[in-house]
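Residue numbers (the numbering used here): 9 to 262. Where a beta carbon is used, it is the ideal one built from N, C-alpha and C, also for glycine. Everything below concerns the one structure shown next.
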Amino acid sequence: MKIAVSGKGGVGKTTISAGLVEFLADKGYHVYAVDADPDVSLGTVLGLPEEELAAQQPIVDMREIIANKTGGKGAFFSLNPDVEDLLDEYIVKHGNIHFLKMGAVKQGGSSCYCRENSVLNAMVGSLFLKRNEAVLMDMGAGIEHLTRGTAKGVDLMLVVTEPSKVSVQTSKVVQGLAAELGVSNVKIIGNKIRNDKEKEFLYNHFSKEDIIGVIEFNEAILDKAMGLEVPEPKTLNHSISVIGNQILERVGEK
Ligand SMILES: Nc1ncnc2c1ncn2[C@@H]1O[C@H](COP(=O)(O)OP(=O)(O)O)[C@@H](O)[C@H]1O
Ligand SMILES: [Mg+2]
């Protein structure tokens, strides 16, 4: 199962990605959590050790390295625990969670993220997964990097949306683009919902079937983001598991 999380900057992609990674890992999936958004580290929000994250190499370099180590057989396309032993520097492991970072640093003089895009497309399009494996990618808004062929490899594109006109507009663009690229399943997650008025606003802009779930605005998430010791934000965990179960129902077998 391959899930991509997209939406405007700041809407909560990384927060929700981390929640879903933990949900799937708890359900027994081997989850490849991919940070493809250069903004904020998914690894940090997942609570992975900072020293390991700092030493972690980006997966843009991985393809060449695996090709060398496996005599060019392209084991990248079946990333799995056997191959992972070759890839210690690239994967920060924590239980069932295998965290990889894309590393979107433009090369000097280069005007595009060409290598990043080709690795991203390989992850989405050609990575073979076993039944109990899942890939979850925190994408950033830029799904235009996916090509038509590989976007079909995304089983579910989640578009995180705040109750604001601007966020709805971005989400509609992403929704349209995803459909155009051939992603069969595109769903909206409403986030930072404070009241019924805001919930209604979302349901006025998207069809009921398009919205896979909503998550309330939660002060505890902000406190946690500041690094304060707070009890686990229970309502977030609850909303995430409602959405997670919906996801498993829709694409759990893939
Ligand atoms: N449901 C929520 N309630 C309150 N704050 C939230 C919620 N979801 C996310 N946030 C906060 O909003 C900010 C942006 O979230 P983040 O996940 O980094 O967004 P993105 O990855 O889309 O840029 C962070 O400070 C995060 O803690
Ligand atoms: Mg982010």
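Next item on the list: Closer than 7 Å by C-beta to Gln183: which residues in its own chain qualify, once you throw out the five before and the five after it? Chain order, please.
Entry: Val167, Val194
Notebook entry, point to check: Any idea if Ala142 is buried or exposed, counting beta-carbon neighbours within 10 angstroms, 16 or more meaning buried?
Noted result: buried
Notebook entry, point to check: Taking Cβ positions, are Ile223 and Ile197 nearer each other than 8 Å?
Noted result: yes
Check: So with Cβ pairs under 8 Å, would you call Gln64 a contact of chain B?
Finding: As a matter of chain content, chain B is missing from the structure shown, which is built from one protein chain.
Check: Exposed or buried, which one is Ala186 when buried takes at least 16 other CB atoms within 10 Å?
Finding: Buried, since its Cβ has 16 or more Cβ neighbours within 10 Å.
Check: Any idea what DSSP makes of Thr243, helix, strand or coil?
Finding: helix
Check: Would you call the segment 25 to 33 and the segment 170 to 182 touching, i.e. three or more CB-CB distances under 8 Å?
Finding: no
Notebook entry, point to check: Based on Cα-Cα distance, which residue from Leu144, Lys216, Gly221, Leu95 lies nearest to Lys200?
Noted result: Among Leu144, Lys216, Gly221, Leu95, the Cα nearest to that of Lys200 is on Gly221.
Note to self: Judging by CA-CA distance, which residue of Leu61, Asn129, Val127, Glu257 is the nearest neighbour of Asp96?
What the structure shows: Leu61
Next item on the list: State the start and end residues of the unbroken beta strand (DSSP E) segment that holds Thr169.
Entry: Run containing Thr169: 164 to 169, per the beta strand (DSSP E) assignment.
Notebook entry, point to check: For Leu137 versus Leu32, is the C-beta distance shorter than 8 Å?
Noted result: No.
Next item on the list: Could you tell me which residues DSSP puts in a beta bridge with Gly190?
Entry: Paired residues: none, contrary to the question.
Margin query: At a threshold of 7 Å, does Asp146 count as lining ligand 2 (C-beta to nearest heavy atom)?
Written below: yes
Next item on the list: Report the residue from Ile151, Asn203, Thr169 whose alpha carbon sits nearest the alpha carbon of Leu189.
Entry: Per the C-alpha coordinates, the member of Ile151, Asn203, Thr169 positioned closest to Leu189 is Ile151.
Next item on the list: Report buried or exposed for Pro239, applying the criterion of at least 16 other Cβ atoms within 10 angstroms of its Cβ.
Entry: Exposed, because fewer than 16 other Cβ atoms sit within 10 Å of the Cβ of Pro239.
Checklist line | Asn140 versus Asp204: straight-line alpha-carbon distance, rounded | finding: Computed Cα separation, rounded: 37 Å.
Checklist line | Residue burial classification, Glu208 (beta-carbon count within 10 angstroms, cutoff 16) | finding: Exposed: under 16 other Cβ atoms inside 10 Å.
Next item on the list: Measuring alpha carbon to alpha carbon, tell me which of Asp34, Val132, Met131, Gly133 ends up nearest Asn104.
Entry: Asp34
Check: Can the beta-carbon of Asp43 be found closer than 8 Å to that of Met110?
Finding: yes
Check: For Thr178, is the beta carbon positioned less than 7 Å from some heavy atom of ligand 2?
Finding: Taking 7 Å as the cut-off, one finds no heavy atom of ligand 2 near enough to the beta carbon of Thr178.
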